[in-house]
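Per full-length UniProt numbering, residue 1 is the first one in the sequence shown, and the count goes up by one each step. Glycine included, C-beta positions come from ideal geometry on N, C-alpha and C.
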Amino acid sequence: MVTYVYDFAQGNKDEKDLLGGKGANLAEMTNLGLPVPPGFTISTEACRAYLKNGGEPDGLADEVSAHLKSLEEAMGRSLGAPGDPLLVSVRSGAKFSMPGMMETVLNVGLNDESVQGLARSSDNPRFAYDSYRRLLQMFGSTVLGIEGETFRDALDDLKKERGTTADTDLGVEDLQELIETYKAIIEKETGRSFPQEPREQLDLAVRAVFDSWNTDRAVLYRRQEQIPEDLGTAVNVQAMVFGNFGMDSGSGVCFTRDPASGDQGVYGDYLQNAQGEDVVAGIRNTVSLADMAEVDKRSHDELLAIMTKLEQHYRDMCDIEFTVERGKLWMLQTRVGKRTPEAAFRIAVHMADEGLIDMDEALGRVTGEQLANLMFPRFDEKAERTLLAKGMNASPGAAVGKAVFDWATAVEWADRGEDVILVRKETTPDDLHGMMVARGVLTSRGGKTSHAAVVARGMGRTCVCGAEALDVDAREGLFAVRNGPTVHEGDVISIDGSTGEVFLGAVPVTPSSVVRYFEGEDVDEPLVGAVRRLIEHADASRRMKVRTNADTAEDAARARRFGAQGIGLCRTEHMFLGERRQLVENLIVAEDYDGQEAALAELLPLQRQDFIDIFEAMDGLPVTIRLIDPPLHEFLPDLTELSVALAIADSRGQRKKRDRKLLAAVQRLHEQNPMLGLRGVRLGIAIPHLFSMQARAILEAAATRLKAGGDVLPEIMIPLVATVRELDIVRAQIAEVAAAVEEEQGIEIPHLVGTMIELPRAAMTAGKIAGSADFFSFGTNDLTQMTWGFSRDDVEASFFSTYLEQGIFPVSPFESLDTEGVGALVRKASESGRAVNDKLKLGVCGEHGGDPASIHFFDEVGLDYVSCSPFRVPVARLEAGRSAL
Ligand code: PEP
Ligand code: MG
């Protein structure tokens, strides 16, 4: 017999799979002896069974009855009993936090009769009727699916009629009137009246939570956060405690450290006379924890003691929800809190210094993506700026874009390539889509714990919230700034998520302090200190080296400052662009061998100088130079453009001899599938002296550096090899050139010759190829293209969004390595290559070399290094370190 329901006292924090995050942590707090209102958790297993069968699994109802009975006994009251009713909350809680994505219903058990009982037993009729109207509102929108606006509008109308803007100004009779309005709305919208039977309310609420697993916004959120689809949510049924009892009650959210900056010291928001939802929705502005001490010192002090206890117990920053009911503190939720990248680095190092964790654990708690985020540019403080308002610094970054006031416009404008900032009074889960496409999010209400702040932080989206000086009117598409201008839809604004500032117009941006530190500047900032300590620890821990992909001396020098240990890929074709294109054209249109030689002779000194500069920048470190790879037509003009130009010239009777030759070359080199055509090693075999010229340039440059006292380690790399025969032919050419250059220069030039592995055939025959190669470098861009049969230049813009939506893969295989398919080839080639040649150096130079998940895979396979763009080098260092833990 499966068990579906667990009392809070039965679980612990490690049972998130079964009890969801909220349930597992409620159990943990219960067992720590903290003041948690009693209750029980209906497991994720029950949810999965419900979603699978389309109904409650057998036995669930009986188990709920049994647990409800114990709860009633513990509380000495019965659910919804007319005299002194027990009320419960019904809350979702999946394994991974999905803030605001799923349903919650509070005050379950109230009805026309028990509300009177509650009014009497609490001696507080206002509170009782307020609780009932909240139940109708939440039940109506979440369980019965009525538009939430309908209830909010009715509330606003009533407040307007009474000449007030605060809910708290509404008296008992107002609330009774509102209750009748709400009941009428429910009847009108659903054709049936609000269920008065408490147990029916409970069952329907549980069902609504199960169903909310599959709402559009929940599905979208999971896709965005890569949360598996099949986990299901748990449901927590808990005795209600009331923060809306009066001014001696309230609700709050707090963090044991500042989740935005990582500063030590507690951080939180408290709202008197309110239920939890009011705090998170930012409906009224909250006060700080310090101010809470003035209102209710006893609860405040007890809360602080519990916060310390929780942080010590979890050994991490905790995010806590609590309620005070008539001066008594209750803990409603805790979890390890989400934080900004800056806070993640600072908290990890602080905790290591405090002795709560060691440096390995600290390193495990930060990610390469967070580091990448910290390397984004910031607003230039010296630039002229027009400050409009200052809100909370909820999620860092510098975002510039056009103001839009609803999610649909955000999506529409972003789709046509515009940068937008989504501006709302407060966000709700419906805004998720808009938040995903926006550069940043700005709200006029709510604190750092509001929905906008929590979701934006999770996504790494810049967010400023609670900018109270802004009067946002979404219907009119504008916001008016107190004592300032009005900003309309489409006007450009800039928001700084690190300071909370909102500016008019586009503020220029400058490099981040973390980048300045990597560039070698002496930056005295706490964040930089934390980054330095963790990256140094990563360097000391990692086995894999990190190289860079760089084609110029400047990029090489920067990457070296960022910690690169050599070049893993220098794409020589990038050296043939600009003015040199003409020389490549000369080579292509040359009519005979001599013509080709003449063109190559002009290219040689230019190439040699390129390499001298790069070798100098990377002195003492290995430099992998790849011989020319792309199809030659890429260096020629476009066929249509050239044909048109020639037709015009013809009609004017002009003679264009060179253009005619070019046209012939373009036609000759035209291919249906150029990526599968004359490129890579095939070029080296079809036009042998092209590769020879490049090899000569490399070796002469190396000789020049050696003679100047430099230390060079050139690695000549052949692209797109499919069979060892190709490599052997080219290798022989290079050996000939090397012998000649060594003879001419009178000096031995140490160098390696190796190949890219970027075709499935090469991976499958790697054992043979390894016999002729000093190294392999996995070109996972082409290897992905060739393995999946996906044109890397087209598919991401065409059908990938459909593939992602349908869950065919969770992330583009060009972004994160498909370990199952492409990764299997990398593994096989590494193993068979090493079996033949135990000195074989192994690396990767496709884009995946800078992707955190892929880096962990390459470490596991045993590659010697990853190579990535200069800006990803610190990210790769950090991740290679984390992978070694
Ligand atoms: C690759 O294919 O992964 C690679 C690094 O080469 P390119 O991107 O230049 O084709
Ligand atoms: Mg390639």
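Item, Value
"Could you check whether A234 and E71 sit closer than 7 Å to each other, using their CB atoms as the reference points?", "This sequence places Leu at residue 71; Glu is not what is there. In this structure, A234 does not lie closer than 7 Å to L71 by Cβ."
"Could I get the ranges of all uninterrupted beta strand (DSSP E) runs contained in the region 503-533, with 3 residues as the minimum, in chain order?", "none"
"How is V820 classed by DSSP in three states: helix, strand or coil?", "Going by the sequence as given, residue 820 is Glu instead of Val. In this structure, E820 counts as coil in the three-state DSSP scheme."
"Whose CA, out of C254, T308, C318, lies closest to the CA of Q287?", "This sequence places Val at residue 287; Gln is not what is there. Taking only the C-alpha atoms, the option nearest V287 is C254."
"The ligand MG and G779: does any heavy atom of the ligand fall closer than 6 Å to the residue's C-beta?", "yes"
"Is the region 390-397 close to the region 177-184, with three or more CB pairs under 8 Å?", "no"
"Output needed for A835: all residues of its chain with C-beta closer than 6 Å, excluding positions within five of it in sequence on either side, in chain order.", "none"
"In angstroms, rounded to a whole number, what distance separates the CA positions of M756 and V721?", "7 Å"
"Give every residue of the same chain whose Cβ lies closer than 6 Å to the Cβ of S193, excluding the five residues on either side of it in the sequence, and list them in chain order.", "E187"
"Short of 7 Å in beta carbon distance, which residues of its chain neighbour V844, apart from the five on each side in sequence? Order them along the chain.", "S777, F778, T780, F858, L863, V866, S867"
"Grouping DSSP H, G and I as helix and E and B as strand, with all else coil, what is T723?", "coil"
"Taking C-alpha atoms, which residue in L329, T427, G771 lies nearest to L304?", "L329"
"Verify the contact flag: D793, CB atom, against every heavy atom of the ligand MG, threshold strictly below 6 Å.", "no"
"Cβ of E742 within 7 Å of Cβ of I749?", "yes"
"Just to check, is the beta-carbon of D551 closer than 6 Å to a non-hydrogen atom of the ligand MG?", "no"
"Does the beta carbon of E634 fall short of 6 Å from some heavy atom of the ligand MG?", "no"
"Find out if the Cβ-Cβ distance for the pair R133, S249 is shorter than 7 Å.", "no"
"If you count every other CB in all the chains shown that lies within 10 Å of the CB of K338, and 16 or more means buried, which is it?", "buried"
"Relative to the alpha-carbon of L271, which residue among V324, H313, D613 has its alpha-carbon at the smallest distance?", "V324"
"May I ask you to report which of helix, strand or coil DSSP gives T104?", "strand"
"Please classify D269 as buried or exposed, where buried requires at least 16 other C-beta atoms within 10 Å of its C-beta.", "buried"
"Write down the C-beta distance between T787 and L825 rounded to the nearest angstrom, noting that I regard them as a contact closer than 8 Å.", "7 Å"
"Hey, how far is the Cα of D123 from the Cα of Y4?", "38 Å"
"Taking buried to mean at least 16 other C-beta atoms within 10 Å of its own C-beta, is I808 buried or exposed?", "exposed"
"Tell me whether E726, by its Cβ, gets closer than 6 Å to a heavy atom of the ligand MG.", "no"
"Whose C-beta lies closer than 6 Å to the C-beta of R872 among residues of the same chain, with five residues either side of it excluded?", "G850"
"Have a look at L587 and G680 and give me their C-alpha separation to the nearest angstrom.", "17 Å"
"In or out: H856 buried (at least 16 other Cβ within 10 Å) or exposed?", "buried"
"Measuring straight from C-alpha to C-alpha, what distance separates D473 and E489?", "10 Å"
"Could you check if E758 belongs to the surroundings of the ligand ATP, using beta carbon to heavy atom distance under 6 Å?", "What this structure holds is the ligand PEP and the ligand MG, not the ligand ATP."
"Where DSSP assigns a beta bridge to G11, which residues make up the other side?", "BP columns for G11 are empty, so no partner."
"Between which two residues does the alpha helix (DSSP H) carrying M786 extend?", "780-788"
"If you draw a straight line from the C-alpha of A540 to the C-alpha of G881, how long is it?", "8 Å"
"Is D782 a contact residue of the ligand MG, with contact defined as CB to any heavy atom under 6 Å?", "yes"
"According to the Cβ coordinates, are M375 and S512 closer than 7 Å?", "yes"
"Assuming contact is defined by CB atoms lying nearer than 7 Å, are L220 and L442 in contact in what I supplied?", "no"
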